[in-house]
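Number of protein chains: 2
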Amino acid sequence: MTKYVYFFEEGDGSMSDLLGGKGAGLAEMTAAGLPVPSGFTITTQACLGFYDADKHFPDGLDAQVVQGIATLEKRTGKSFGDHGDPLLVSVRSGARVSMPGMMDTILNLGLNDRTVEGLAQLTGNERFAWDAYRRFIMMFSSVVLGLHKDPFEELIEERKKALGIANDPDIDAESWKTLAAQFKDIVSRQTGKAFPQDVREQLRLAIGAVFDSWNSKRAIDYRQYNKISDSWGTAVTVMEMVFGNMGNDSGTGVAFTRDPNTGERTLFGEYLTNAQGEDVVAGIRTPEKISDLQRTQPDIYKQFVDIAGRLERHYRDVQDIEFTVERGKLFMLQTRSAKRSAEAAVRIAIDLVHEGLLDRKTAVGRVGAQSLDQLFHARIDASQGFAVAAKGLNASPGAAAGQMVLTADDAVAWRDAGKDVILVRVETTPDDVHGMIAARGILTAKGGATSHAAVVARGMGKPCVAGCDALQIERRTKSVTLGGVALHEGDWLTIDGTTGNIMLGKLGLIPPPSQLPEWLQTFLSWADELRRMQVWANADTPEDAQKARELGAEGIGLCRTEHMFMQQDRLPVVQQMILANTKEARETALRQLLPFQREDFVGILEAMHGLPVTIRLLDPPLHEFLPSLEHLLVETTELRLTLGADSEEFKKQDAILRRVQQLHEQNPMLGLRVCRLGIVYPEIYAMQVRAIFEAACLLKRRGVDARPEVMIPGVGTKEEMQTTYASAKKVADEVLAEHGVELPYTIGTMVELPRACVVADELAEYAQFFSFGTNDLTQTTYGYSRDDAEQSFIPQYLEKRILKDDPFQVLDRRGVGALMREAVAKGRGARAGLKIGICGEHGGEPSSVAFCDQLGLDYVSCSPYRVPIARLAAAQATIGALD
Amino acid sequence: MTKYVYFFEEGDGSMSDLLGGKGAGLAEMTAAGLPVPSGFTITTQACLGFYDADKHFPDGLDAQVVQGIATLEKRTGKSFGDHGDPLLVSVRSGARVSMPGMMDTILNLGLNDRTVEGLAQLTGNERFAWDAYRRFIMMFSSVVLGLHKDPFEELIEERKKALGIANDPDIDAESWKTLAAQFKDIVSRQTGKAFPQDVREQLRLAIGAVFDSWNSKRAIDYRQYNKISDSWGTAVTVMEMVFGNMGNDSGTGVAFTRDPNTGERTLFGEYLTNAQGEDVVAGIRTPEKISDLQRTQPDIYKQFVDIAGRLERHYRDVQDIEFTVERGKLFMLQTRSAKRSAEAAVRIAIDLVHEGLLDRKTAVGRVGAQSLDQLFHARIDASQGFAVAAKGLNASPGAAAGQMVLTADDAVAWRDAGKDVILVRVETTPDDVHGMIAARGILTAKGGATSHAAVVARGMGKPCVAGCDALQIERRTKSVTLGGVALHEGDWLTIDGTTGNIMLGKLGLIPPPSQLPEWLQTFLSWADELRRMQVWANADTPEDAQKARELGAEGIGLCRTEHMFMQQDRLPVVQQMILANTKEARETALRQLLPFQREDFVGILEAMHGLPVTIRLLDPPLHEFLPSLEHLLVETTELRLTLGADSEEFKKQDAILRRVQQLHEQNPMLGLRVCRLGIVYPEIYAMQVRAIFEAACLLKRRGVDARPEVMIPGVGTKEEMQTTYASAKKVADEVLAEHGVELPYTIGTMVELPRACVVADELAEYAQFFSFGTNDLTQTTYGYSRDDAEQSFIPQYLEKRILKDDPFQVLDRRGVGALMREAVAKGRGARAGLKIGICGEHGGEPSSVAFCDQLGLDYVSCSPYRVPIARLAAAQATIGALD
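Protein sequence lines correspond, in order, to chains A and B. As numbered in the working numbering, the first sequence has no gaps in its residue numbers, which increase by one up to the final residue, 1413. As numbered in the working numbering, the second sequence has no gaps in its residue numbers, which increase by one up to the final residue, 1413.
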């Protein structure tokens, strides 16, 4: 027979898979001789058995629980359901990893109409006993029977009003007794059955309810967000009740062994005299600081400080401890690893190393890589009170406050007038980029985590809240409705891209540190010693490259040249180039662009002197540089109807419209773009390659060690690689010869199509490096358009669990990953030691970084502010702290 | 030392790889004791060596040629370059497979100012000798020296005018002599060098020119169109000249051993008395029928008939024979397998089996599967007399007649006025596509088999003749010159895309036969006995299904349900369904659609009674059923400016516009479509599945054996498969239970995403069959949108040889094929014996069918008219006649 029930002394701290974190912690504390109430844990295996058996107890569980209660009766000398000296228990959930507040707990179980009398007699405190009973009825009704709490709360409020009192503690025994009776009436009315008086039935139902709570919506959502497996199940701990509400020598507390916000080495927590745990949570009374105990109950405080220190040393980590004092006696109810801020996590890890409790490797593995993201953004000063007006998607972290503007041009104008602005758009397009640059933050009504707004904002390191359903924009009147509130251009907004919250007005912000704080540098240097992969950055400007370098980037993995084309002083020339009808006219425009591009490359190559800079040749379809078709259609129709079809204005716009229609594609993502552009219009790539190498030669003469790597995007066939490689090499060598400069350089390709993965051996005959463009590779492997999918079906897919993660955020190992693995094997098979990296946005996401490490990539490249995250994740991948 | 030179008696018919078809044929005839002039063949290997050595003779070739000439001198008793009895030779190209007219030939080589005199003396025919010499100068100048023929032709014309005569044969010896001198002057003037008098230099240059002609543009285009490898090279045959122009007992002819148009067993060909081969080609005189020889030279005729019969029996195939009669003596110059029409090919194959020359298997292997396509296009009624005005490339098969228009916009305007038009362009670009759609056929002056016009027309299934050199277009005057004839917009033209012929006027066309002719049925029944794979058809209507069944389809592999949604009586309800804001409103509309869909399925399931019908659930994005965004933008702008923003008309259109904008996607191909639709709006698929099974139950009660197979499109993840499978199965079983009917059915998926291939094992846990949707799979594997790519960069890619074939027409084995192979292995690994087919358009393309056979697919499914092609191709794949 499977053993489902473990008394605390039968387990230990290593058994959290079976006993849950709470059960294992209680077992460990029991073994260490700490004061823990008696009790036992029902295993996670029992929970899984419960689901397998269609929500019935698996065979043997019932008998083992009955036996467990019998043992508990023997130990405590109390009797379950007994009128004289009733055994009361708490029934608590406890998963393998902590899911605070996500699952259910029932206290005071074992009370019924008879035992409540016994408890009253035994404690000589009738008020306490009836208070405990009514609490139990409420909690049991809510958690086990699924009733709403409001009717119960309303009765209490009515009672207080009738009695003319304000606070629960002032309610007398008689009133609690009356309320308990009324509570039971509610249960009878609403469930059609009397409140269960059989304590064994109470226990059976409570255990089932805790099992059930594993699959509550909030628990599922929590697991999804925190990437916790659905298949683990929860354990259930049944423990003798101890009461913190038995008078002023009793109380209940929660404490952290160090400050979870700053990491400071000081006991941090709260204590509530004469209360049960739920009172702390409910916030009915303001708790004291834990340090106040030193004054009020010095012996207890001393004992607790001693135990807290022992637990921290024992677990080699900061603990989050729950305890109760019953009539002057301390009981430990729970200990677990403490949740903490990123700053605290890093500082604590460093301190624990210095205190000799951890080695560096373990310390590096302890800090969640993703959490470092918090450190590089402004945040809202939590000391001020504020209300959330609406919520959107936390698309790019950090907080920003500014005056609302509704167009990119307005954003620029207001910024130029010295104002802080938040750009509010239905969604953004490349036409809005100058406005995004001018804005403090971006708020959109549509769009997911990889919408244009989100991606560009993250690239810029600017806060963005995207896809806010509660936002309606009325462009005509320059006003919006946000969560029902009407706002007008110029009104102040504060957005928090870390949480997705949107607040009205201008809140105070705490700025991010201007450079890596020393403690973080120390910590990341430990990570650097451990990691195998290099960390590069995606950067399109010298400023971004400089920032990336400061944050530890060892190269530029993706410099997008199209953003250079978008700048205001070049766009007219770019448009001229696109509208050209002949190769000659196109070349004339390209000659005008050459000095601009050269200047761009000088800047970025200089910023990265001595380090490789991977420059991707033009990637997007040309119509992205022209006005939008929709806009032109409306405008030309207007011109035709107002000025007439013979007007010059109409003719001019109409000519542009026709060219845009010509270039229009059904599916531009799969159209004339990437290397196809460079093959159909070889003169474009030739100009870009010339600009790169002229820049490099210029710098070389100035003593700067420029290391350009030319990256051909979107190659899918050997012939594309061969042709573009040969053309680029020809121009590069020509320029070097013209300048009499020798310069090592490489030409490689972005692997971003399924076919490229399949024929990677053929590509590697020419390509000197591969860089996975996993954004596009994910698009084609799944057949999902990023621009569309994240706004339409991906949210539903995540909700329905068709997708576990958004594959544009977390690399899909099973599908996309299999193609990458094939590409790595075939590429290195054809060219030994081929340098391979990743420059899709996955390069800054810890679990994806770990996968890249498994694939044997040489580097990951991500946006500058994610470089520290990637450095840490790469180290954790090497030491196996990430799977 | 490599042996580069083979005398005819050193080779045999099996050596065409080395000696070319012509050389191997001459060797075989020599071995058979037939009258063949002496000569030798320079191998294809020498040609490859020539290219490897940067267009110099490979080592040893020169010496072997010199030795070959010496041997030839010995045999013939003549002497090369000798004044007394000069040896004259022909130098001809000859590739591994016949490329008629694509490469170069030089006759009468060995003539110079001295030997011409010798020839005159020896033959006693001065006119003959000088005629031969001037012919040689012209041919050598054109082929070897690259001079234009016009100046030579003009001199002849002037001469005839001066002499007052009309025909070349009337030109006397003296005139030819003068012309020869003038010809040499042209050469001196244009090349700066005298016409070569050294006969060995003549030979060396001629051999090099033939090698060179392997890479002439027209040869490359021909090979590309006919899928002949560029790497084979051509052989060169050097043969003693025999002269058909030595009097009326001389002549030259070409004959087919059977009629190449009808397959009739009768000698078919032409003979020209007192002429050289080039005169036949030039069409200066009208040749006699070969049968006339029976009367004029009965001995020669008898001998020729005898030889022709021997050759046909020897090769077990119809021969295309060139011969010359020199002073009453018959010489065989070439024999090769005859090109023939599809009808002739099938009829001949059947006859050869009946004659005991072939077994059925060999006969089935002999007919090009693709050629059967000819039988299902309109063709020109050959019973009417007509003249070919000009010839171009047969770029897309079928015949069409229409009035000539010169712009795409005109094509649309004329079509809209109810006219049939032929769009005539110098070449087409993506801007012409709307005109191509409007036209009956397309004719271009420039461009090869992979030009934009050719590729797009083939995609549309429209006749196209491309690259017609004889066409000049004068856009300004809306007129053209076609083979010298002036035509104006609106004039009638008939084009034949199967042959490349262009005729003036409106010729009568014969529509494709409504059913398989008996001879084709016989032939295909032989193929059916041999093939392993089944052949199914793609059909959306009962009529198409019926047609497919008549053409031999054994099931429906793809029935697209969206075409049913598009029908006029349903579209308003479909739009109502899409515009619905709530699930309830959507379901109301779907209830209205249910009877329509049920009726659709009744029709198609009944037509295919006893055979499987694979019905694909809704696939395209919903906005395809709504008016176009562009149209709406213009319309609402017009309404706003004319009727005002407060008008009801504006408001109504604006509401539709907004919904269309909501549904608008950047890349609809990668958007909310396929099974994503069925997951986001499960009620749509539920209605469709209900309609399918209600139809099947209805039929079952009427005794019809309905065999529905439900196909879920665009599945990429296990969870999508699991969810859609479960939903479909639930509805199906519900309906069957409601009707009390038992019916075997299956639910499977269309494998059309790279990820589906990679996770095929997971899909096969649920899917009961796979059907490769290679159109979409090709799109995502390459990252090409078919709608865009075939009209923009694919033609350029084919021209630049970045792509060997359009991957949407010929399945890409290396990339897409590798993913398919993976899917087959994983799918069958997870579910033994999993039924797998293909329903992309590749299912009707012979080489793709062969690949599907290699992959072990169970069936191919193609459009109804391609079923016969697929039946034959599948048989040829099984017997290894296709690679």
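Note that CB positions come from ideal geometry on N, CA and C, so glycine has one too. Here the structure is a predicted model, which means the values were calculated and not measured.
1) If we cut at 7 Å on Cβ distances, does Ala1360 of chain A have a partner in chain B?
2) Between the Cα of Glu800 of chain A and those of A:Gly793, A:Met1350, A:Asp822, spot the shortest distance and give me the residue it belongs to.
3) Who are the Cβ neighbours of Leu1387 of chain A in its own chain at under 7 Å, not counting the five residues just before and after it?
4) Whose CA, out of B:His982, B:Ala899, B:Leu1412, B:Pro726, lies closest to the CA of Ile1324 of chain B?
5) If you follow the beta strand (DSSP E) that Gly624 of chain A is in, where does it begin and where does it stop?
6) What beta strand (DSSP E) runs, 3 residues minimum, are completely inside the segment 1210-1271 of chain B?
7) If you draw a straight line from the alpha carbon of Ala1115 of chain B to that of Ala1216 of chain B, how long is it in whole angstroms?
8) From what residue to what residue does the alpha helix (DSSP H) around Tyr801 of chain B run?
9) Along the alpha helix (DSSP H) that carries Phe682 of chain B, what are the first and last residues, could you check?
10) Got a sec: is the Cβ-Cβ distance from Thr1091 of chain B to anything in chain A below 7 Å?
11) The beta strand (DSSP E) spanning Thr959 of chain A covers which residue range?
12) Below 8 Å between beta carbons is the criterion; list the residues of the segment 1107-1134 of chain A that meet it against any residue of chain B, in chain order.
13) When you compare the CB positions of Leu973 of chain B and Ile952 of chain B, do they come within less than 7 Å of one another, or not?
14) Take the Cβ of Ile1040 of chain A as the centre, count every other Cβ of all protein chains shown within 10 Å, and call the residue buried at 16 or more, exposed below.
15) Thr1144 of chain B bridges to which residues according to DSSP?
16) For chain A, check one thing: does any of its Cβ atoms lie closer than 7 Å to the Cβ of Phe1302 of chain B?
17) Start and end of the beta strand (DSSP E) containing His884 of chain A?
18) Over what stretch of residues does the beta strand (DSSP E) that includes Asp1026 of chain B continue unbroken?
19) Taking 8 Å as the limit between beta carbons, can you name the residues of its chain near Asp643 of chain A, skipping five residues before and five after?
20) Suppose the cutoff is 6 Å on Cβ atoms and the five residues either side in sequence are ignored; what does the same chain contact list for Asp850 of chain A look like?
21) Please state whether DSSP places Ala1294 of chain A in a helix, a strand or coil.
22) Touching or not, the segment 689-709 of chain B and the segment 660-672 of chain B, by the rule of three or more beta carbon pairs under 8 Å?
23) For the alpha helix (DSSP H) that contains Ala1115 of chain A, what are its first and last residues?
24) Kindly list the residues whose CB is nearer than 6 Å to the CB of Tyr1395 of chain B, restricted to its own chain and excluding five residues on each side of it in sequence; keep chain order.
25) To the nearest angstrom, how far is the alpha carbon of Asp950 of chain A from that of Ala1185 of chain B?
26) Whole angstroms is fine: what's the gap from Arg938 of chain B's alpha carbon to Val1204 of chain B's?
27) Tell me whether the beta-carbon of Arg664 of chain A lies closer than 7 Å to the beta-carbon of Phe713 of chain A.
28) Let me make sure I understand the geometry here. Which of B:Leu1060, B:Thr959, B:Ala919 has the alpha-carbon closest to that of Thr1011 of chain B?
29) Going by beta carbon distance, what residues of the same chain come within less than 8 Å of Ala710 of chain A, once the five residues before and after it are set aside?
30) Kindly confirm or deny that the segment 902-917 of chain B and the segment 1032-1047 of chain B touch, where touching means at least three C-beta pairs closer than 8 Å.
31) At a cut of 8 Å, does the segment 569-582 of chain A reach the segment 762-776 of chain A through at least three beta carbon pairs?
32) So, Ala1353 of chain A versus Ala1290 of chain A, is the Cβ gap smaller than 7 Å?
33) Going by C-alpha to C-alpha distance, which of B:Leu1187, B:Phe1053, B:Ile1025, B:Arg1079 sits closest to Gln1105 of chain B?
34) Could you name the residues of the segment 1191-1211 of chain B whose beta carbon sits closer than 7 Å to any beta carbon of chain A, in the order they occur along the chain?
35) Output yes if chain A places a C-beta closer than 7 Å to the C-beta of Pro1284 of chain B; else output no.
36) Taking the Cβ atom as the reference point for each residue, do Gln1309 of chain A and Arg1316 of chain A lie within a distance shorter than 7 Å?
Considering the structure as presented:
1) Translated into the one-based positions of the first sequence, residue 1360 of chain A becomes position 830. Chain B, which has no Cβ nearer than 7 Å to the Cβ of Ala1360 of chain A, makes this no.
2) Here residue 800 of chain A refers to the residue found at position 270 when the first sequence is read from its first residue. Checked all of A:Gly793, A:Met1350, A:Asp822; the closest Cα to Glu800 of chain A is A:Asp822.
3) For the purposes of this step, residue 1387 of chain A is taken as residue 857 along the first sequence, with counting starting at 1. Excluding positions up to five away in sequence, the list reads Met1063, Ile1366, Gly1367, Ile1368.
4) Mapped onto the second sequence, residue 1324 of chain B falls at position 794. When each option's Cα is compared against that of Ile1324 of chain B, the closest is B:His982.
5) On the first sequence, residue 624 of chain A is found 94 positions in, with the first residue counted as 1. 619-625 is the extent of the beta strand (DSSP E) around Gly624 of chain A.
6) 1237-1242
7) Taking the second sequence and counting its residues from 1, one reaches residue 1115 of chain B at position 585. Taking the second sequence and counting its residues from 1, one reaches residue 1216 of chain B at position 686. Cα to Cα, the separation comes out at about 15 Å.
8) As a first step, residue 801 of chain B must be located in the second sequence, where it is residue number 271. Careful: Tyr801 of chain B lies outside any alpha helix (DSSP H), inside the beta strand (DSSP E) at 798-803.
9) What you label residue 682 of chain B is simply residue 152 of the second sequence in a count that begins at 1. First-last of the alpha helix (DSSP H) with Phe682 of chain B: 680-693.
10) Within the second sequence, numbered from 1, the residue matching residue 1091 of chain B stands at position 561. No, no contact with chain A.
11) Working through the first sequence from its first residue, we reach residue 959 of chain A at position 429. It is not in any beta strand (DSSP E) - Thr959 of chain A carries neither H nor E in the DSSP assignment.
12) none
13) As a working note, residue 973 of chain B is residue 443 in the second sequence. As a working note, residue 952 of chain B is residue 422 in the second sequence. Yes, they are a contact pair.
14) For this step, residue 1040 of chain A is matched to residue 510 along the first sequence. When all chains shown are included, Ile1040 of chain A counts as exposed.
15) Walking along the second sequence from the start, residue 1144 of chain B turns up at place 614. Note: Thr1144 of chain B sits in a beta bridge opposite B:Glu1239.
16) Sequence index remark: in the second sequence, residue 1302 of chain B carries index 772 (1-based). Not closer than 7 Å to any Cβ of chain A, the Cβ of Phe1302 of chain B fails to qualify, so no.
17) Start at 1 with the first residue of the first sequence, and residue 884 of chain A comes out as number 354. Element bounds for His884 of chain A: not the beta strand (DSSP E) but the alpha helix (DSSP H), 872-884.
18) Counting from 1 along the second sequence, the entry for residue 1026 of chain B is found at position 496. Asp1026 of chain B -> beta strand (DSSP E) spans 1022-1026.
19) Residue 643 of chain A sits at position 113 when you count from the first residue of the first sequence. Same-chain partners within the cutoff: Gln727.
20) Locating residue 850 of chain A in the first sequence gives position 320, where the first residue counts as 1. So the qualifying residues of the chain are Phe786, Arg866, Ala868.
21) Here residue 1294 of chain A refers to the residue found at position 764 when the first sequence is read from its first residue. Looking at Ala1294 of chain A - three-state DSSP - the assignment turns out to be coil, as it is neither helix nor strand.
22) yes
23) Locating residue 1115 of chain A in the first sequence gives position 585, where the first residue counts as 1. Residues 1113-1137.
24) Residue mapping note: residue 1395 of chain B aligns to position 865 of the second sequence, counting from 1. Same-chain partners within the cutoff: Phe906.
25) For the purposes of this step, residue 950 of chain A is taken as residue 420 along the first sequence, with counting starting at 1. For the purposes of this step, residue 1185 of chain B is taken as residue 655 along the second sequence, with counting starting at 1. About 36 Å.
26) As a working mapping, residue 938 of chain B is identified with position 408 in the second sequence. As a working mapping, residue 1204 of chain B is identified with position 674 in the second sequence. Sequence check: residue 938 of chain B is Ala here, not Arg. Taking the straight line from one Cα to the other gives about 34 Å.
27) For this step, residue 664 of chain A is matched to residue 134 along the first sequence. For this step, residue 713 of chain A is matched to residue 183 along the first sequence. Yes, they are a contact pair.
28) The residue given as residue 1011 of chain B occupies position 481 in the second sequence. Looking at the Cα atoms, B:Ala919 is the closest of the given residues.
29) Numbered from its first residue, the first sequence carries residue 710 of chain A at position 180. Within the same chain, Ala710 of chain A has close Cβ partners Val646, Trp660, Tyr663, Arg664, Ile667.
30) yes
31) yes
32) The sequence position of residue 1353 of chain A within the first sequence is 823, counting from 1. The sequence position of residue 1290 of chain A within the first sequence is 760, counting from 1. It is a contact, given that the beta carbons lie within the stated cut-off.
33) Reading the second sequence from its first residue, position 575 is the one you call residue 1105 of chain B. Ranking the options by Cα distance to Gln1105 of chain B, first place goes to B:Leu1187.
34) Glu1195, Gln1196, Asn1197, Pro1198, Met1199, Leu1200, Gly1201, Leu1202, Arg1206, Ile1209, Val1210
35) For the purposes of this step, residue 1284 of chain B is taken as residue 754 along the second sequence, with counting starting at 1. Yes, contact with chain A.
36) Locating residue 1309 of chain A in the first sequence gives position 779, counting from the first residue. Locating residue 1316 of chain A in the first sequence gives position 786, counting from the first residue. Their beta carbons are under 7 Å apart, which means Gln1309 of chain A touches Arg1316 of chain A by this criterion.
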